[in-house]
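Heads up: the sequence shown at position 131 corresponds to 147 in my numbering, and the numbers run straight through without jumps.
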Amino acid sequence: MLFGPSGSGKTLTLQCLDGLVRPDRGRIVVNGRTLFGADAGVHLPPQARRLGYVFQGYALFPHLTVAANVGFGLKHLGRAERESRVAEVIDRLGLADLAGRYPRELSGGQQQRVALGRALAPDPELILLDEPLSALDAPLRRQLRDDLGAILSDWGKAAVLVTHDLSEAYQLATTVVVYQDGRVIQSAAKSELLWQPASEAVARVMGIRNILRGTVVKATPEAIQFRWRGQLLEAVNSPSRSYLPEPRSPLAFYIRPEYVRLIRKDRSGPDAAHHMNLMNATVTREADAGTVWSLYLRLEEAGTPAQGDYDLEVEVPKLVYEILDIPRDRHWQISIHRGSIQVLPST
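The following block contains the structure:
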């Protein structure tokens with residue numbers, strides 16, 4: 017999965033893989049076969065690479081039927097073999113009843129399956145997909161994302177998929193490659209990427225909120241203490257981090273909005289075993305996101321807020337928002353578990 021903002025080089029990478037664009041240098045190797053090698057002077061044309069390409073918006077031929085679109089890349093086969101292969105592909109994709117229709121007569125999901133069928137019909141070694149869901153509305157996008165994952169799994173094909181939708185990347189990918197300004201800034205398993213971004217730049221490209229800066233007080237292999245906005249906080253030091261920041265050195269970290277706890281006032285005081293990194297804050301504004309509310313908190317501490325007019329963005333479920341009567345009560349004590357503060361590597 018190639019992930020990153022628009023213009024970061026994701027589609028250009030697909031075009032280089034497919035042979036539509038010739039790189040200036042480097043090598044492209046798929047299953048041990050060199051498709052491009054600058055030093056060796058190798059540059060196979062697209063038709064010789066055995067790659068399937070699903071374009072953004074699908075790019076189906078409007079004057080061809082479903083069957084003709086699927087069979088477009090099979091012109092090298094004899095008629096009988098070509099027709100047999102087309103029939104097999106459209107049957108496996110559930111398109112048999114639509115074989116004689118034209119793209120304009122198909123739904124978005126059906127068009128996606130035709131585009132996939134056209135890419136899969138020549139039995140490619142690798143499937144390239146350029147934001148295949150970007151033009152769809154949200155409900156259809158979710159449905160077709162599920163369909164796409166099932167089809168790729170059923171056919172047993174490796175795929176390189178371009179997206180700028182993080183939820184799409186996490187549902188479909190095993191490995192995510194993060195792009196920024198034409199460069200790869202991290203490549204990792206999706207679980208590692210979520211909890212261990214390699215840098216502040218990666219965290220920002222991923223859209224992680226509450227990326228903040230503090231100053232180290234003390235660091236051990238087990239924990240890091242630091243000051244932020246007049247508060248002394250402590251974070252668990254991940255065993256995967258191979259460095260210990262020096263005292264008084266700057267520290268970048270982030271706190272996911274859903275992991276900040278508001279401490280209920282109708283119960284006894286904070287439990288030291290569960291409530292750590294205690295702070296007092298005021299809700300300065302809020303936003304209704306449907307199932308959750310985003311609260312923007314400013315610490316009751318002198319000084320400039322860390323993020324413009326607020327210090328922390330916090331997410332609470334709608335039910336919790338109503339139970340705690342947050343519209344009426346704007347002053348809260350908050351708690352952040354040590355394991356919920358993610359320290360970013362120095363760069």
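For every residue, glycine included, the Cβ atom is placed at its ideal position computed from N, Cα and C.
Model, not experiment: these values are computed from the prediction.
Backbone secondary structure at residue i - three-state DSSP
i      : result
LEU340 : coil
VAL130 : helix
LYS91  : coil
ILE350 : strand
ASP107 : helix
THR298 : strand
VAL37  : coil
GLU317 : coil
TYR118 : coil
LYS173 : coil
ALA56  : coil
PRO273 : helix
LYS234 : strand
GLU216 : helix
THR29  : helix
ALA189 : coil
Exposed unless 16 or more other CB atoms sit within 10 angstroms - verdict on residue i
i      : result
GLU121 : exposed
GLU262 : exposed
ALA166 : exposed
TRP371 : Outside the displayed range of the chain (17 to 363) lies residue 371, so it cannot be described from this structure.
TRP244 : buried
LYS26  : buried
GLN63  : exposed
ALA131 : buried
THR50  : exposed
TRP309 : buried
Rounded distance between the beta-carbons of residue j and residue i, thought under 8 Å
i      : j      : result
GLN202 : ALA214 : 4 Å
THR300 : TYR326 : 6 Å
ALA219 : TYR270 : 6 Å
GLY53  : THR81  : Actually they are not in contact, since the Cβ atoms of GLY53 and THR81 sit about 39 Å apart, beyond 8 Å.
ILE279 : VAL359 : Wrong, their Cβ atoms sit about 24 Å apart, outside the cutoff.
Cutoff 8 Å: residue i Cβ touching any chain C Cβ
i      : result
GLY319 : In the structure shown, chain C does not exist; there is a single protein chain.
Any non-hydrogen atom of the ligand FAD closer than 7 Å to residue i Cβ
i     : result
GLY35 : As far as ligands go, the structure on display features none, and thus does not contain the ligand FAD.
- Message: Closer than 8 Å is the cut-off here; do at least three beta carbon pairs connect the segment 76 to 93 with the segment 122 to 140?
- Response: yes
- Query: So, do the segment 186 to 206 and the segment 17 to 33 have three or more beta carbon pairs nearer to each other than 8 Å?
  - Reply: yes
- Message: Pairs of beta-carbons, one from the segment 56 to 75 and one from the segment 216 to 236, closer than 8 Å: are there three or more?
- Response: no
- Query: Is there contact here, the segment 96 to 113 with the segment 175 to 189, by at least three beta-carbon pairs under 8 Å?
  - Reply: no
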